[in-house]
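A quick write-up on the structure given underneath.
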Amino acid sequence: MKILDGKSLSELIKKEIQSEVASIVASGKKAPHLAAILVGTDGASETYVGSKVKTCGEIGFGSTLIRYDSSVTESELLEKIHEINSNPEIDGLIVQSPLPRHISFEKVTETIHPSKDVDGFHPVNSGRLMQGKPSFVAATPKGIITLLDRYGIETSGKKCVVIGRSNIVGMPMSILMARNSKPGNATVTICHSKTSDLKSYCLEADIIIAALGKPGFLKGDHVKEGAVVVDVGITRVADATKKSGFRLQGDIDFDEVAPKCSWITPVPGGVGPMTIVGLLQNTLMASKKEILF
Ligand code: GUN
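Numbering (the working numbering), first residue to last: 1 to 293.
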């Protein structure tokens with residue numbers, strides 16, 4: 001069993017981006033700039049947004065963090081998005097989810113201009129992805145594809161099971177694995193909460209990507225010998241031995257599954273750091289206007 005080390009790969013790719021940013025700035029152009037909107041004080045969202053903004057600083061991107069109390073109205077938030085859409089200093093915008101119930105994430109997503117939608121959630125971007133056209137691809141699936149690519153994992157002709165069908169991970173992940181590309185060209189099965197006999201699909205799979213958000217769900221007897229297993233789960237579970245009072249747990253029972261795998265991602269240090277890389281790559285592409293809208 002070998003580890004798909006997202007942490008060290010992310011460090012390498014961040015250095016690559018950092019040197020590209022340095023040459024952009026040296027040529028007299030402005031550095032890429034990411035704006036992030038955070039509504040409320042959800043602990044996990046605070047951590048994710050904090051880490052996205054901090055990483056921007058480390059690699060030479062500009063960043064703006066806009067915070068709102070959870071009582072902010074939907075129209076106030078949409079107005080801010082319109083303002084950012086027309087601000088030429090800002091290349092990319094993310095609005096961290098989950099949002100309070102009185103705000104429609106769908107409306108928020110559709111208000112961000114597709115050319116600044118570095119989360120890739122706008123229907124124009126997800127639709128283009130489905131049609132194989134240039135688009136911003138959601139950061140987590142993009143990061144996973146980069147991880148498989150840089151580790152030289154063969155996906156062509158393989159059987160891939162994606163567990164989860166969210167717009168943020170499962171759906172775009174399935175399309176990326178199935179599309180005619182490298183990595184890609186896999187035969188993809190999407191499993192979800194209504195799948196009957198999920199184990200039988202997993203046991204057939206050469207590659208399993210688990211993104212269902214149930215800690216420790218995938219057990220040793222779900223996985224065939226030599227499979228490649230990617231764990232997207234990052235659930236906070238109580239742990240009195242940690243200073244924070246919690247630890248991050250993936251969707252995979254690592255101790256049971258790892259001995260059967262050819263490759264596996266750890267949690268933490270697997271998909272998480274690659275998600276940030278996906279976002280940075282999208283923001284760099286947005287600043288270079290690489291995709292035409
Ligand atoms: N919430 C969970 N994942 C994400 C993400 O990738 N982007 C945003 N904006 N919110 C999220």
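Ideal Cβ positions, reconstructed from N, Cα and C, are used throughout, including at glycine.
Alpha carbon to alpha carbon, how far is tyrosine 48 from glycine 245? Give it in angstroms, no decimals.
-> Walking along the sequence shown from the start, residue 245 turns up at place 245. Walking along the sequence shown from the start, residue 48 turns up at place 48. Straight-line Cα distance between these residues: approximately 17 Å.
Beta-carbon of aspartate 239 versus every beta-carbon of chain C: anything under 7 Å?
-> The structure shown contains no chain C; it holds only a single protein chain.
Residue span of the alpha helix (DSSP H) that contains glutamine 96, given as start and end | Taking the first residue of the sequence shown as position 1, residue 96 is located at position 96. Counting along the chain, glutamine 96 falls outside any alpha helix (DSSP H), and DSSP gives it neither H nor E.
Bridge partner(s) assigned by DSSP for glutamine 249 | Taking the first residue of the sequence shown as position 1, residue 249 is located at position 249. Partner(s): Thr235.
Rounded straight-line distance, which links the Cα of valine 223 to that of valine 21 | As a position in the sequence shown, residue 21 is number 21, starting the count at 1. As a position in the sequence shown, residue 223 is number 223, starting the count at 1. Using only the alpha carbons, I get a separation of about 42 Å.
Secondary structure at leucine 292, three-state DSSP: helix, strand or coil?
-> Within the sequence shown, the letter at position 292 stands for residue 292. In the structure shown, leucine 292 sits in coil (DSSP, three-state: anything other than H, G, I, E or B).
With a CB to CB cut of under 6 Å and the five nearest residues on each side skipped, what residues in its chain are close to glycine 143?
-> Stepping through the sequence shown from its first residue, residue 143 is reached at position 143. Once the five neighbours on either side are set aside, the close Cβ partners of glycine 143 are Met274, Thr275, Val277 and Gly278.
Hey, glutamate 79 and isoleucine 103: beta-carbon distance below 7 Å or not?
-> What you label residue 79 is simply residue 79 of the sequence shown in a count that begins at 1. What you label residue 103 is simply residue 103 of the sequence shown in a count that begins at 1. Contact flag unset, no.
Could you tell me how far apart the beta carbons of glycine 60 and glutamine 18 are, in whole angstroms, since I believe they sit closer than 8 Å?
-> In the sequence shown, residue 60 corresponds to position 60, counting from 1. In the sequence shown, residue 18 corresponds to position 18, counting from 1. So it is a contact: roughly 6 Å between Cβ atoms.
So the alpha helix (DSSP H) valine 108 belongs to, where does it begin and stop?
-> The residue you call residue 108 lines up with position 108 of the sequence shown. 105-111 is the span of the alpha helix (DSSP H), which, as asked, contains valine 108.
For isoleucine 190, name the three-state secondary structure that DSSP assigns.
-> By 1-based counting over the sequence shown, the position of residue 190 is 190. Note: isoleucine 190 maps to strand in three-state DSSP.
For histidine 122 and threonine 140, believed in contact at Cβ under 8 Å, the rounded distance | Numbered from its first residue, the sequence shown carries residue 140 at position 140. Numbered from its first residue, the sequence shown carries residue 122 at position 122. The pair is not a contact, with the Cβ atoms about 16 Å apart (cut-off 8 Å).
Would you identify the three-state DSSP class for histidine 222, choosing helix, strand or coil?
-> As a position in the sequence shown, residue 222 is number 222, starting the count at 1. Three-state DSSP puts histidine 222 in a helix.
Meets three-Cβ-pair contact criterion under 8 Å: the stretch 2-10 and the stretch 35-44 = Here the stretch 2-10 does not lie against the stretch 35-44, with fewer than 3 beta-carbon pairs under 8 Å apart.
At least three beta-carbon pairs within less than 8 Å, the stretch 162-175 to the stretch 201-209 | yes
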